[in-house]
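If you read the protein sequences in the order shown, they are chains A and B. Residues in the first sequence are numbered consecutively from -3, following my numbering. Residues in the second sequence are numbered consecutively from 103, following my numbering. All C-beta atoms, glycine included, are put in the ideal place defined by N, C-alpha and C. None of these values were measured; they are calculated from a predicted model. This report refers to the structure that appears directly beneath it.
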Amino acid sequence: MKRGIASTVFFLLLLASWEMASQSGLYNPVMLPSPFSVWRYIRESLCDGTLEMATLVTMKRLLIGYAIGLVFGIPLGLLTARFKMFQDTVGLLALGMQTLPSVCWVPLSLLWFGQTEAAMLFVVVMGTLWSVIIATSDGVRTMPPIYIRAARTMGSEGLHTWIKVILPASLPYLVGGMKQGWAFAWRSLMAAEIFVTILTGFGLGQLLHYGRELHAMDQVVAVMIVIIFIGLLADRLFFSPWERFLQRRWGTGVLK
Amino acid sequence: MSLAHELINTTAERIDAVEISKTFTTKRRTVLALDRVNLKVAEGEFVCLVGPSGCGKSTLLNIIAGLEQPDSGQVLANGEPVSEPGRDRMVMFQEHALFPWLDVMGNVLFGLNLKPGLKDKEREEVAKYYLHLVGLEKLHHANVHELSGGMKQRVALARALAPNPRVLLMDEPFASLDALTREQLYGDIQRIWEARRKTIIFVTHNVREAACLGDRVVLFSRNPGRIRAEFAVNLPRARDINSVQLAHYSTEIMAALKGFTAEEGKEVSE
């Protein structure tokens, strides 16, 4: 309760100083839109559907790309942990690729896939895949081997051991990797959307980009706020439940 | 298979380890961990393996469990050669090895879920029975990290007992516990052994613990790992670790153990 009050007061103060700064007349309204004009933009674009459409397009790209990244990343991570051959090939590749901001893929992606959804998906997948591979493989390799020995004595083997022992045992790393993969995907998608126009859909990044072209900084700031809001929401919906589970069961948080 | 049938005592198993040898090679040297070791354990017997660290007693236990393979020799369980882990031989490790992603109940159910022929409801009843047996009936849904060291080992014991094995292999299960908790567990393990009549092979480096628990104490020496002596402990159950009669046995065993260790030192200096 006390903490709730502190946050509320803090954000109200932040809003108030923003409003005062824009009221003071020291700054050009184009340079610093007032909170009210931003709010007006959000309300109007919600009413005419622009914001919802853009959010939908962006979320679709993000979720599909992220899901592809997980579907390939987790098995590849398991293989990397299990087989030396994969570790020396895929593992090494993942380590290198993870250092490359995935927005760097945009030029090639456009060349390969054209101005299509596939180009956007590719950039998101490149953001997710590598950190998920690395986290999965780290999680498996740092797992105490005694878990597998104990499971074997109870009759667990093969696929059962992978699904019921190795995967859950790596969960603290896995959730950390999934969270990082999500953050990378989200950032790279925004960069890609701002960077290029995709003919098949008009996402949040593009909305922000056109706000800049039109010198409509209220639009730019509004989209920024929506992006922050979605990021927070995703954290609450996808990752908080996992983190709470880890906290409860392991007594620790997510390992990174 | 019905629940009642599941809970009746299985007949304990006879274990014969025949001419077991095992070497370990590290970068620096080769260690003969077990040198043609023979060990016979009768049905329902409680045998303690004692010796200095590195004498191969844990290795022998792992070979009996089927977790490791000997270089030569073989282990027979009721006459059948052992080549891999089996549900008839459950293991309790020094580290509790409980799965942190499962609660207490989930851990005890892990082995039971792999046992065919039971309904889910029955599995749960069996798990509850064993949690009650180890005195944790109120902690079904506790998380592993919330338990004390002694409680964790109790859950590990319940987990090992739950699939109703015929042999229980225990590798220094109480070594990391405090003295008071250990004493309670000495009482518990004897009570459970009497109730469930299993063959127990118990590895420890604590001579007094071995004398307290074992029908028979088998003494190992190291470099190479060999069985050097055996002591039958003829004391009534349940034994108290602090009793005077027990001290008599443990002094005798300790003297023998010190004799081997001194001998070993001489060999090294020569």
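Near residue i, what residues of its chain come up, given a Cβ to Cβ distance below 8 Å and the 5 sequence neighbours on each side ignored?
i                      : result
residue 321 of chain B : 152, 153, 329, 330, 331, 332, 333, 355, 358, 359 and 362
residue 377 of chain B : One cannot answer for residue 377 of chain B here, as it falls past the ends of chain B, which runs 103 to 372.
residue 49 of chain A  : 198
residue 111 of chain A : 192, 193, 194, 195 and 196
residue 264 of chain B : 210, 211, 213, 214, 228, 229 and 232
Which residues in the same chain as residue i place their Cβ atom closer than 6 Å to its Cβ, once the five residues preceding and following it in sequence are excluded?
i                      : result
residue 272 of chain A : No statement about residue 272 of chain A is possible, as the shown extent of chain A runs from -3 to 252 and does not include it.
residue 195 of chain B : 273
residue 217 of chain A : 29 and 34
residue 252 of chain A : The predicted position of residue 252 of chain A is uncertain, since its pLDDT is 49 and thus under 50; no value can be drawn from it.
residue 176 of chain A : 127
residue 252 of chain B : 279 and 283
residue 113 of chain A : 196
Have a look at the options and flag the residue whose alpha-carbon is nearest the alpha-carbon of residue i.
i                      : options                       : result
residue 272 of chain B : B:338, B:164 and B:249        : B:164
residue 267 of chain B : B:247, B:106 and B:110        : B:110
residue 270 of chain B : B:299, B:243 and B:277        : B:299
residue 169 of chain A : A:135, A:26, A:233 and A:37   : A:135
residue 175 of chain B : B:119, B:310, B:260 and B:303 : B:119
residue 188 of chain B : B:126, B:207, B:168 and B:178 : B:168
residue 207 of chain B : B:177, B:241 and B:197        : B:241
residue 236 of chain A : A:200, A:213, A:206 and A:172 : A:172
residue 244 of chain B : A:-1, A:247 and A:42          : A:247
residue 160 of chain A : B:202, B:307 and B:227        : B:202
residue 223 of chain B : B:105, B:261 and B:348        : B:105
residue 38 of chain A  : A:55, A:186, A:12 and A:204   : A:204
So, at 7 Å on beta carbons, what are the nonlocal neighbours of residue i in its own chain, with the 5 sequence-adjacent residues on each side left out?
i                      : result
residue 157 of chain B : 322, 323, 324 and 327
residue 285 of chain B : 343
residue 68 of chain A  : 125
residue 106 of chain A : 115 and 192
Of all the CB atoms in chain B, is at least one closer than 8 Å to the CB of residue i?
i                      : result
residue 129 of chain A : no
residue 145 of chain A : yes
residue 165 of chain A : yes
residue 152 of chain A : yes
residue 149 of chain A : yes
residue 135 of chain A : no
residue 190 of chain A : no
residue 245 of chain A : yes
residue 70 of chain A  : no
residue 142 of chain A : yes
I'd like to know whether the C-beta of residue i is nearer than 8 Å to at least one C-beta of chain A.
i                      : result
residue 272 of chain B : no
residue 304 of chain B : no
residue 252 of chain B : no
residue 365 of chain B : no
residue 213 of chain B : yes
residue 247 of chain B : yes
residue 193 of chain B : yes
residue 295 of chain B : no
residue 201 of chain B : yes
residue 189 of chain B : yes
residue 340 of chain B : no
residue 167 of chain B : yes
residue 141 of chain B : no
residue 224 of chain B : no
residue 197 of chain B : yes
So residue i and residue j are supposed to be a Cβ contact under 8 Å. How far apart are they, rounded?
i                      : j                      : result
residue 194 of chain A : residue 115 of chain A : 7 Å
Whether or not the region 211 to 223 of chain B and the region 162 to 176 of chain A are in contact is what I'm after, with contact meaning three or more pairs of Cβ atoms, one per stretch, closer than 8 Å; do they touch? Touching, no, given that fewer than three Cβ pairs across the two stretches are closer than 8 Å.
Counting pairs of beta carbons, one from the region 80 to 91 of chain A and one from the region 25 to 34 of chain A, are three or more of them closer than 8 Å? Taking 8 Å as the limit for Cβ pairs, the verdict is that the region 25 to 34 of chain A does not touch the region 80 to 91 of chain A.
Determine, using beta-carbon pairs with one atom in the region 137 to 145 of chain B and one in the region 183 to 192 of chain B, whether at least three such pairs fall under 8 Å. With the cut-off at 8 Å, the region 137 to 145 of chain B and the region 183 to 192 of chain B do not touch.
So, do the region 55 to 69 of chain A and the region 121 to 135 of chain A have three or more beta carbon pairs nearer to each other than 8 Å? Yes: the two stretches touch, three or more of their Cβ pairs being nearer than 8 Å.
I'd like to know if the region 312 to 320 of chain B and the region 230 to 237 of chain B are in contact, where contact means that at least 3 CB-CB pairs between them fall below 8 Å. With the cut-off at 8 Å, the region 312 to 320 of chain B and the region 230 to 237 of chain B do not touch.
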